[in-house]
RNA sequence: GCUGCUGUAGCUCAGUGGUAGAGCACUUCCUUGGUAAGGAAGAGGUCAUGGGUUCAAGUCCCAUCAGCAGCUCCA
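In structure tokens, the structure reads:
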């Protein structure tokens with residue numbers, strides 16, 4: 001008999017147990033009730049099955065730390081959902097023939113499992129799948145774990161006709177000597193675990209959606225069907241989760257944007273190209289005016305630059321070659337330009353046959369272009385050179401994907417002295433990127449957008465202070481729109497990757513500068529390796545909105561690369577040339593994305609200072625219409641965004657419409673108000689505020705605007721149900 | 001770009017091979033009112049586009065375009 005193992009509980013008590021003892025046994029020793037509630041165990045900080053023995057789990061010589069996990073522990077939900085994924089897979093295998101299992105992990109909201117099977121699963125099949133899952137759950141069969149050496153594991157998966165699992169063992173798990181499996185009834189799956197003791201612990205499940213996916217995330221690999229589901233320890237939690245999803249749907253900026261006339265995307269203009277309707281544009285103007293004023297007072301210089309630039313400039317900056325696929329095709333001054341471009345691409349990819357080459361030569365001749373230096377016997381590189389030489393004698397323009405090259409040119413437009421630094425150039429610059437069709441999403445992911453962009457050119461010594469100032473600016477901007485729950489993500493390079501440009505030293509210097517400032521700032525920040533841009537590390541602001549979703553918006557990026565590429569220089573106090581450092585920064589990120597996020601955060605109900613319709617004047621009847629128009633003029637003169645409801649009908653209906661249109665204030669005017677030069681002000685949030693002189697109402701609203709008050713984050717469930 | 005789903009009035013949607021519908025919005029008329037819906041009438045559609053099957057297509061098939069969900073990508 002082997003020696004006993006010391007087990008220490010969270011309260012510090014320790015006891016010796018036989019090696020075959022399991023966490024579940026210990027739970028049972030404490031109370032039957034606890035044993036019934038145990039979902040999994042945490043042994044030496046690792047989440048494991050409650051039904052594995054300490055002999056197997058213990059690694060060291062000292063006592064093992066045991067924490068029993070019940071439905072009250074957050075980690076337990078993950079275990080439950082992983083088991084639910086197995087239950088779903090089991091149901092699928094019962095319902096359909098020839099199912100190959102891929103992976104079935106948990107996600108934030110639930111779990112999914114990827115399958116390869118002939119039948120295309122649609123939402124209509126969900127009820128049958130759920131019914132089968134419920135049968136499995138009701139049977140309360142236990143999950144059992146067993147391990148096999150690799151050859152036997154491969155054999156088992158072959159016997160089970162699970163070719164994807166076989167492949168995974170042979171490739172992804174090639175370094176594993178033994179592999180663990182879980183059995184539940186007739187269902188056996190290669191799986192790391194851990195799992196719940198038995199299926200009966202799953203009290204609430206729901207199939208959520210079905211979508212396509214790829215084996216191991218490789219688009220050229222096998223296409224799989226991914227089934228999403230979720231599971232909870234009780235039905236109430238499931239209900240709350242579903243309500244939260246409904247809440248997010250109600251806030252969808254695409255729906256609210258249409259409903260409230262904020263923006264529109266027309267197929268006639270093009271996919272991913274946003275039309276700002278007057279009301280949406282007013283929100284944007286408020287944001288732009290606010291930021292412009294801030295920047296001017298913080299030592300920034302406004303600049304303007306064109307929305308196209310020569311391809312050569314983007315070759316210099318590196319953007320054109322690096323992001324070729326996600327840019328709009330270049331504009332060529334010569335009609336044969338596109339042909340030569342495609343020709344050169346093919347040569348570069350090595351996919352041009354001699355036949356096709358002859359055809360291209362002939363085609364070029366049709367356009368009157370002969371290439372005497374182009375020798376069919378030359379190397380592909382030499383041929384490309386000839387083509388590129390021809391191209392560079394003709395204009396090629398790129399719809400700009402970034403503003404920075406233009407701003408570099410502005411820096412270069414005149415000799416610079418160290419006395420002029422830091423030079424902070426800002427522009428609300430529109431850029432165009434040909435994002436993949438499947439990525440487009442309302443205002444959040446578009447093909448044309450406007451960055452609240454600026455580039456700071458400074459000396460190496462000024463980097464920290466400038467970085468700190470931009471962090472402070474971004475925090476201020478976010479606070480002004482009522483966003484105070486955010487985290488900064490410091491994105492560093494992936495040491496294993498070679499996609500980065502610039503020297504090792506520059507990267508080290510950049511990364512440590514950013515880290516230092518963030519540490520001093522007291523902001524909550526996390527570091528992420530491998531998330532940096534190709535030209536430098538960056539700090540992204542991850543904002544949490546009022547329903548807990550995270551958004552990546554503002555960004556501050558350090559760049560030692562572009563100044564190098566554009567050979568930017570300033571004259572130092574030693575009267576010799578020095579290279580400036582560049583900081584790219586955008587507190588909003590893009591106006592499109594930021595506005596889209598605000599629409600969802602406020603559920604369309606903007607605070608007064610951002611609101612596209614701040615006051616609507618409601619005449620009691622047509623008899624008061626003239627006075628209403630006069631009041632609206634007074635409000636407009638005072639700088640407020642005011643309209644008049646000139647429709648017929650009763651004031652109750654006008655109020656209802658204004659409330660539904662999320663107008664911040666209503667000014668009800670009837671004979672009494674006209675007589676006294678007053679308005680009866682009604683607040684969207686608090687209701688009737690009573691009559692007051694128009695001037696008093698104006699002062700009240702102007703104060704709220706100047707203070708940029710965010711009085712309420714609108715909760716749609718407070719809205720009365722539509723009749 | 002890939003997989004799947006969807007496309008009918010301005011909006012939300014019904015319409016399972018045989019005469020294109022509802023609610024809201026809109027227009028007109030009546031009503032002229034005091035803090036979340038007054039009443040009546042009317043107008044509005046090449047059923048996304050293009051092919052095909054059929055005596056007959058909004059409905060079935062194919063392609064294209066667009067949208068949605070997910071995958072992959074994101075300077």
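Numbering (UniProt numbering), first residue to last: 1 to 723. Ideal Cβ placement from N, Cα and C applies to all residues, glycine included. For clarity, every value in this text was computed on a predicted model and none was experimentally measured.
Item to complete: For residue 717, count neighbouring Cβ atoms within 10 angstroms of its own Cβ and tell me buried if that reaches 16, exposed if not.
Response: In this prediction, residue 717 has a pLDDT of 44, which is less than 50 and means its spatial position is unreliable; what the coordinates show is noted afterwards. Exposed.
Item to complete: Evaluate residue 721 with the Cβ neighbour count: other Cβ atoms within 10 Å of its Cβ, from every protein chain shown; 16 or more gives buried, anything less gives exposed.
Response: Note that residue 721 scores a pLDDT of 33, beneath 50, so its modelled location is shaky; the value from the coordinates is reported in the next line. By the Cβ-count criterion, residue 721 is exposed, with fewer than 16 other Cβ atoms from all chains shown falling within 10 Å of its own Cβ.
Fill in: Cutoff 6 Å; reference residue 307; Cβ partners in own chain excluding five residues on either side
Answer for residue 307: 400, 430, listed in chain order.
Discussion item. Mapping the DSSP letters down to three states, classify residue 546 as helix, strand or coil.
Written reply: coil
Item to complete: Classify residue 443 as helix, strand or coil using the three-state DSSP reduction.
Response: coil
Practice prompt. Round the Cβ separation of residue 100 and residue 162 to the nearest angstrom and send it over; I've been treating them as touching at under 8 Å.
Written response: Right, their Cβ atoms sit about 6 Å apart.
Worksheet item: Excluding five sequence neighbours on each side, which residues of the same chain lie with their C-beta closer than 7 Å to the C-beta of residue 491?
Response: 528, 531, 532, 537, 538, 540.
Worksheet item: If you compare alpha carbons, which of 690, 698, 669, 692 is closest to residue 641?
Response: Checked all of 690, 698, 669, 692; the closest Cα to residue 641 is 698.
Practice prompt. Take residue 196 as the anchor and find which of 258, 38, 317, 287 has the nearest alpha-carbon.
Written response: 38
Practice prompt. Quick one: residues in its chain with C-beta nearer than 6 Å to the C-beta of residue 610, no 5 flanking neighbours on either side, listed in chain order?
Written response: The residues are 283, 286.
Discussion item. Tell me the residue span of the alpha helix (DSSP H) that contains residue 314.
Written reply: 311-317
Discussion item. Residue 432 and residue 327 - do their beta-carbons sit closer together than 9 Å?
Written reply: yes
Item to complete: For the beta strand (DSSP E) holding residue 456, just list the boundary residues, first then last.
Response: Counting along the chain, the beta strand (DSSP E) containing residue 456 begins and ends at 448-458.
Item to complete: Please classify residue 280: is it buried, with 16 or more other beta-carbons within 10 angstroms of its beta-carbon, or exposed?
Response: So residue 280 ends up on the buried side.
Worksheet item: Among 44, 52, 66, which one has its Cα closest to the Cα of residue 59?
Response: 44
Worksheet entry | Sheet register partners of residue 207 (DSSP bridge) | 229
Worksheet item: Applying the criterion that 16 or more other CB atoms from any shown protein chain within 10 Å of the CB defines a buried residue, is residue 146 buried or exposed?
Response: exposed
Worksheet entry | Cβ-based neighbour list, residue 709, same chain, cut-off 6 Å, excluding 5 preceding and 5 following | none
Discussion item. Would residue 233 and residue 71 be called neighbours here (beta carbons separated by less than 9 Å)?
Written reply: yes
Discussion item. Going by beta-carbon coordinates alone, are residue 615 and residue 632 separated by less than 9 Å?
Written reply: yes
Worksheet item: How should residue 374 be labelled, buried or exposed, when 16 other C-beta atoms within 10 angstroms of its C-beta is the threshold for buried?
Response: buried
Worksheet item: From residue 179 to residue 87, what does the alpha carbon distance come to, in whole angstroms?
Response: 21 Å
Practice prompt. Ignore the nearest five residues each way along the sequence and tell me which others in residue 636's own chain have a CB closer than 6 Å to its CB.
Written response: 642
Worksheet item: Helix, strand or coil: which one does DSSP assign to residue 710?
Response: coil
Item to complete: Keeping to the same chain, check which residues put their C-beta closer than 6 Å to that of residue 207; ignore five residues upstream and five downstream.
Response: 126, 129, 130, 229
Fill in: Spatial distance of residue 704 from residue 689 (CA atoms)
Taken atom to atom, the span from the alpha-carbon of residue 704 to that of residue 689 is near 15 Å.
Practice prompt. Note down the Cα distance separating residue 478 from residue 20, rounded to an integer number of angstroms.
Written response: 56 Å
Fill in: Spatial neighbours of residue 437 in its chain, beta-carbon cut-off 6 Å, leaving aside the 5 residues before and after
none
Worksheet entry | Where residue 87 falls: helix, strand or coil (DSSP) | helix
Discussion item. Assuming residue 666 is part of the beta strand (DSSP E), what are its boundary residues?
Written reply: Residues 665-669.
Fill in: Three-pair Cβ contact test at 8 Å for the stretch 106-113 versus the stretch 155-173
no
Worksheet item: When you compare only the Cα positions, how much space is there between residue 459 and residue 405?
Response: The straight-line gap from Cα to Cα measures roughly 19 Å.
Worksheet item: With C-beta atoms as the reference, is residue 445 less than 9 Å away from residue 544?
Response: Here residue 445 is not near residue 544, since their CB atoms are 9 Å or more apart.
Practice prompt. Would you mind sorting residue 304 into buried or exposed? The rule is 16 or more other CB atoms within 10 Å of its CB.
Written response: exposed
Worksheet item: So what's residue 308 in DSSP terms, helix, strand or just coil?
Response: The answer is strand: DSSP assigns residue 308 an E or B state.
Discussion item. Taking 7 Å as the limit between beta carbons, can you name the residues of its chain near residue 79, skipping five residues before and five after?
Written reply: 39, 40, 47, 194, 195, 196
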